[in-house]
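Below: one structure, written as structure tokens.
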Amino acid sequence: MKTADFDYDLPRELIAQHPPAERDAARMLVLDPSSYHVTHASIRDLPGYLEPGDLLVFNDSRVLPARLMGRRRDGGEAEVLLLRPVDGGRHRWQALIRPARRLEPQVFFDQSELAISVEVRHHETATVRLDGVPDPLSEVRRIGQMPTPPYIRERLADRERYQTVFAREEGSAAAPTAGLHFTPELLNAIRDRGVNLAFVTLHVGLDTFQPVRVDDPSQHSIHREWFRIDEAT
0 MKTADFDYDL PRELIAQHPP AERDAARMLV LDPSSYHVTH ASIRDLPGYL EPGDLLVFND
60 SRVLPARLMG RRRDGGEAEV LLLRPVDGGR HRWQALIRPA RRLEPQVFFD QSELAISVEV
120 RHHETATVRL DGVPDPLSEV RRIGQMPTPP YIRERLADRE RYQTVFAREE GSAAAPTAGL
180 HFTPELLNAI RDRGVNLAFV TLHVGLDTFQ PVRVDDPSQH SIHREWFRID EAT
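According to numbering that gives the first Met the number 0, the stretch in the sequence shown is residues 0 to 232, in order.
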């Protein structure tokens, strides 16, 4: 098996840049595992495909607006994407910085006193320190953007559309996108069907943004992501 075996053409004009007006208006492709018959349905139809006693597991991680557009000392643009806190603190983070080839010791931000200093450079990331304001994380929430995938070129008008309706614990660098289509009404309809719902927390991290650069996918290095499964689940 080669990485190239997964290549396919996806015309740019077919990639939606804005979410549908209603979360559960998204289309759903259903494959019958016995006949391989394909049905084109809506996510609203999901309860009808489930049976009493089935179990659906959801990721309740909440996305931090951790994409920060700043500038270097020479005035050039710099983008910082905060991935996860280091040592459990608010000031030190693992981050992606672009352009990586022109990585400078500090990044500054217009209309904010926040400054980001590079402490350690790693192979793909850097350890950075957030300074200049009393509460760096609150400032990140104020000035940051949602870290959407590179094929989404339009800035989100509504941050909450990039959160699931059941998002609770902040920590993801990107949304667990499969859950974006669920509404409270759809979740209730699934429960009424006799289906069990369970929740885990898994903070989406670096691998969402890292391309596969090796020819053999089995050699692709995958980073660790923080997760929690509580006793109830």
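We put the CB at the ideal spot given by N, CA and C, even for glycine. Values in this document were obtained by computation on a predicted structure and should not be read as measured data.
query: One question on the structure: do Q105 and A114 come within less than 8 Å of each other, judged by their Cβ atoms?; result: yes
query: Indicate the three-state DSSP secondary structure (helix, strand or coil) for Q93 in the structure shown.; result: strand
query: According to the neighbour-count rule (16 or more other Cβ atoms, all chains shown, within 10 Å of its Cβ), is R152 buried or exposed?; result: exposed
query: Using a Cβ-Cβ cutoff of less than 8 Å, which residues in the same chain neighbour Q110 once the five nearest sequence positions on both sides are dropped?; result: I142
query: Rounded to the nearest angstrom, what separates V62 and L179 at their Cα positions?; result: 12 Å
query: Sorted by chain position, which residues of the same chain lie with C-beta nearer than 8 Å to I221's C-beta, five sequence neighbours on each side aside?; result: D206
query: Spatial neighbours of H17 within its chain, please: CB distance less than 7 Å, with the 5 preceding and 5 following residues excluded, ordered by chain position.; result: E153
query: Fully enclosed by the stretch 11-65, which beta strand (DSSP E) runs are 3 residues long or longer?; result: 26-30, 37-41, 54-58, 60-62
query: Any idea what DSSP makes of Q218, helix, strand or coil?; result: helix
query: Does DSSP put T200 in a helix, a strand or coil?; result: strand
query: Between the stretch 162-177 and the stretch 6-17, are three or more C-beta pairs nearer than 8 Å?; result: no
query: Below 8 Å CB to CB, which residues in the same chain sit around D59 once its five sequence neighbours on both sides are set aside?; result: T163, F165, A166, R167, E168, F198, V199, T200
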